[in-house]
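Notes to accompany the following structure.
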Amino acid sequence: MQRAGFVAARHELEVESESEEETMRCVSCQDQYDADEAGTCKECYEEANETEEELKREIEDLKAKVAFLRFWSPLDHHNHRSCGPCFTDVILVASSDEPPAGSPVPVPAHKAILVSRSPVFKAMLENEMEESRSGTIKIGDVSYDALRAFVNYLYNAEACLDEQMACDLLVLAEKYQVKHLKSYCEKFLVSKLNWENSIITYAFAHQHNAKTVLDAALSTITDNMDKLTKREEYVELVEKDPRLVVEIYEAYLSKQVNTAAHKDSPVKP
Numbered sequence: 003m004q005r006a007g008f009v010a011a012r013h014e015l016e017v018e019s020e021s022e023e024e025t026m027r028c029v030s031c032q033d034q035y036d037a038d039e040a041g042t043c044k045e046c047y048e049e050a051n052e053t054e055e056e057l058k059r060e061i062e063d064l065k066a067k068v069a070f071l072r073f074w075s076p077l078d079h080h081n082h083r084s085c086g087p088c089f090t091d092v093i094l095v096a097s098s099d100e101p102p103a104g105s106p107v108p109v110p111a112h113k114a115i116l117v118s119r120s121p122v123f124k125a126m127l128e129n130e131m132e133e134s135r136s137g138t139i140k141i142g143d144v145s146y147d148a149l150r151a152f153v154n155y156l157y158n159a160e161a162c163l164d165e166q167m168a169c170d171l172l173v174l175a176e177k178y179q180v181k182h183l184k185s186y187c188e189k190f191l192v193s194k195l196n197w198e199n200s201i202i203t204y205a206f207a208h209q210h211n212a213k214t215v216l217d218a219a220l221s222t223i224t225d226n227m228d229k230l231t232k233r234e235e236y237v238e239l240v241e242k243d244p245r246l247v248v249e250i251y252e253a254y255l256s257k258q259v260n261t262a263a264h265k266d267s268p269v270k271p
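If you're matching positions, the sequence shown starts at 3 in our numbering and goes up one per residue.
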């Protein structure tokens, strides 16, 4: 009799266990749902689908608005052919880039775009400066490719970057106070940062007031201080700009002090 009762109780527990396995709770609303509903109840699943479709519609709407507001660059040859003349009223010249023919290749643009994108261009073109009267803006120490990419960014907020182009565009962005482009280039350079290029990147960032890049490069350097003096770039930095070397050691000492203070601080119960 006792064995029969034990078997019956065990069977009842197994039935309850199977029931619990078949009846599960939704990860969203915690209501019970059947096992064949795969992770969520039918109501939450339908609601999630509706939300996803709504987000897709909003994204497409935003893309359409961006496309509508986008300015076609006069350097976009395909659109230039399809949309007719661009009525450009100013040209930019990379004065350091002299092709074999002897005269720099001009980069056409619209004054209205330059003025709206850069406070420096605004001051230059709205006042009776030489650039405003002549319709020509000469930009030194820049390649034609970098200048072309810079002008295209002013129209489209798009740029195809490698490390050299990011540096060139950051210099132009700093010079003409195009903050969005500078931030874009800084993020790219930080993503490419490593121990091998950290010293050169640090010196570059210091020269062009790129604080995000500066902080990231300095952190990489101070994490590898045992290898610093062995680098050729370090020796060059000591010769060319020793104050930057002093700043590196000051940052390293500050990090060491902060680390020691953190270790010595009492642990709160």
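We put the beta carbon where it would ideally sit given N, CA and C, even for glycine.
Taking the beta carbon of residue i as the centre, do at least 16 other beta carbons fall within 10 Å, making it buried, or is it exposed?
i: N154; result: buried
i: L183; result: buried
i: K213; result: exposed
i: T53; result: exposed
i: P244; result: exposed
i: A2; result: What is shown of the chain runs 3 to 271, which leaves residue 2 out entirely.
i: S131; result: This sequence places Met at residue 131; Ser is not what is there. Exposed: under 16 other Cβ atoms inside 10 Å.
i: T203; result: buried
i: I61; result: exposed
i: S256; result: exposed
i: Y251; result: exposed
i: L64; result: exposed
i: S75; result: buried
i: F89; result: exposed
i: V173; result: buried
i: K113; result: buried
i: A1; result: With the chain running from 3 to 271 in the structure shown, residue 1 is simply not present.
i: V92; result: buried
i: A66; result: exposed
Could you round the C-beta distance between residue i and residue j to whole angstroms and report it? I think they count as a contact, below 8 Å.
i: F206; j: C162; result: Actually they do not touch by this definition, with Cβ atoms about 20 Å apart.
i: L149; j: V122; result: With a Cβ gap of about 15 Å, L149 and V122 do not count as contacting.
i: K195; j: A219; result: The amino acid occupying residue 195 in the given sequence is Leu; Lys does not appear at that position. The Cβ separation is near 6 Å, so the contact holds.
i: W293; j: T222; result: Residue 293 is absent from the structure shown; the chain starts at 3 and stops at 271.
i: S136; j: M126; result: So it is not a contact: roughly 11 Å between Cβ atoms.
i: I139; j: L94; result: 5 Å
i: N158; j: F73; result: 7 Å
So residue i is in the alpha helix (DSSP H); what residue range does that whole segment cover?
i: L183; result: 181–193
i: A207; result: 200–209
i: V153; result: 146–158
i: A125; result: 121–128
i: S136; result: 132–136
CB-CB under 8 Å to residue i, same chain, minus the five flanking residues each way: which ones, in chain order?
i: R233; result: I201
i: D99; result: Caution applies to D99, whose pLDDT of 47 falls short of 50 and renders its modelled position unreliable; the model cannot decide the point.
i: K229; result: W197
i: G86; result: Model confidence at G86 stands at a pLDDT of 41, short of 50, so the residue's coordinates are unreliable and nothing is read from them.
Need the endpoints of the beta strand (DSSP E) that residue i sits in, please.
i: L163; result: Looking at the DSSP string, L163 is not in any beta strand (DSSP E), and its letter there is neither H nor E.
i: A111; result: 108–111
i: L94; result: 92–96
Under a CB-based cut-off of 8 Å, is residue i close to chain D?
i: W197; result: Any reference to chain D falls outside this structure, which holds one protein chain only.
Within the same chain, show all residues whose beta-carbon is closer than 7 Å to that of residue i, passing over the 5 residues directly before and after it, in chain order.
i: A96; result: P106, I141, V144, S145, Y146, L149
i: R119; result: L156, V180
i: Y178; result: S120, V122, F123
i: A253; result: L220, T224
i: A151; result: A161, M167, L171
i: L239; result: I201, A205, L246, V247
i: M227; result: Y254
i: Q258; result: none
i: H210; result: L172, V173, E176
i: H208; result: L216, L246
Using a Cβ-Cβ cutoff of less than 6 Å, which residues in the same chain neighbour residue i once the five nearest sequence positions on both sides are dropped?
i: L116; result: F123
i: L57; result: none
i: E188; result: A212, T214, V215
i: N273; result: Outside the modelled stretch of the chain, which goes from 3 to 271, sits residue 273, for which no answer is possible.
i: A262; result: none
i: E165; result: K194
i: E235; result: I201, I202
i: Y186; result: none
* Uninterrupted alpha helix (DSSP H) stretches inside the region 224–264 (no shorter than 4 residues) -> Correct list: 227–230, 234–242.
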